[in-house]
Amino acid sequence: MAFVADSSAGRTVDHERGYELFAEGGGPDGIEYWKITRADGQAIHFSTAWEPAFVEECIRRNPAAHKLAIYLIRCLRGQFSGLGRTGSDFLIVEALRTFQGFHGKPGDSDVVVFFEPADLSKSVPNWWAPILDSWQTAHTGEL
């Protein structure tokens with residue numbers, strides 16, 4: 001099964017696998033905090049960053065995208081035991097894509113999720129280029 005959004009209850013859940021996504025708020029710095037819980041009580045935390053230069057470049061490179069919704073996942077994030085990094089990242093992407101279409105967001109948005117590399121230095125000009133280049137190579141034609 002997959003995540004589903006229950007807009008009347010304000011929940012993004014996967015009942016079959018026992019996961020739920022929670023938006024935990026954010027601040028004026030553009031960082032949003034998130035949590036995914038599992039029925040066994042385990043939880044992972046992660047955050048997304050609003051980086052205007054990154055968003056502008058992503059939109060510039062994808063002019064055909066409709067109402068592009070961009071999540072840049074910061075490199076420090078949890079992982080569920082039994083899923084490892086790849087499985088946990090897949091779960092994050094799945095939950096955010098479901099969340100975007102509900103809960104006050106445009107339902108017809110193109111949702112794109114990026115993961116910051118651990119060695120990222122935002123003090124370098126065009127720091128976002130390697131992230132977008134590698135994503136476009138892997139996802140040509142997806143948007």
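The sequence shown begins at 1 in this note's numbering and counts up by one. Just so you know, even glycine gets a beta-carbon here, dropped at the ideal spot from N, CA and C.
Go ahead and pull the three-state DSSP assignment for residue i.
{"i": "residue 124", "result": "coil"}
{"i": "residue 56", "result": "helix"}
{"i": "residue 51", "result": "coil"}
{"i": "residue 27", "result": "coil"}
{"i": "residue 116", "result": "coil"}
{"i": "residue 129", "result": "helix"}
{"i": "residue 81", "result": "coil"}
{"i": "residue 64", "result": "coil"}
{"i": "residue 91", "result": "helix"}
{"i": "residue 96", "result": "helix"}
Name the DSSP beta bridge partners of residue i, please?
{"i": "residue 12", "result": "5, 21"}
{"i": "residue 43", "result": "37"}
{"i": "residue 69", "result": "111"}
{"i": "residue 32", "result": "26, 48"}
Does residue i pass the burial test, meaning 16 or more other C-beta atoms within 10 Å, or should it be called exposed?
{"i": "residue 4", "result": "exposed"}
{"i": "residue 113", "result": "buried"}
{"i": "residue 64", "result": "exposed"}
{"i": "residue 90", "result": "exposed"}
{"i": "residue 95", "result": "buried"}
{"i": "residue 85", "result": "exposed"}
Is the CB-CB distance between residue i and residue j below 9 Å?
{"i": "residue 117", "j": "residue 75", "result": "yes"}
{"i": "residue 100", "j": "residue 87", "result": "no"}
{"i": "residue 20", "j": "residue 13", "result": "yes"}
{"i": "residue 77", "j": "residue 132", "result": "no"}
{"i": "residue 31", "j": "residue 43", "result": "no"}
{"i": "residue 70", "j": "residue 34", "result": "no"}
{"i": "residue 128", "j": "residue 121", "result": "no"}
{"i": "residue 39", "j": "residue 18", "result": "yes"}
{"i": "residue 72", "j": "residue 51", "result": "yes"}
{"i": "residue 67", "j": "residue 109", "result": "yes"}
Compare the C-beta of residue i with all C-beta atoms of chain C and state if any pair is closer than 9 Å.
{"i": "residue 118", "result": "Absent from the structure is chain C; it holds one protein chain and no more."}
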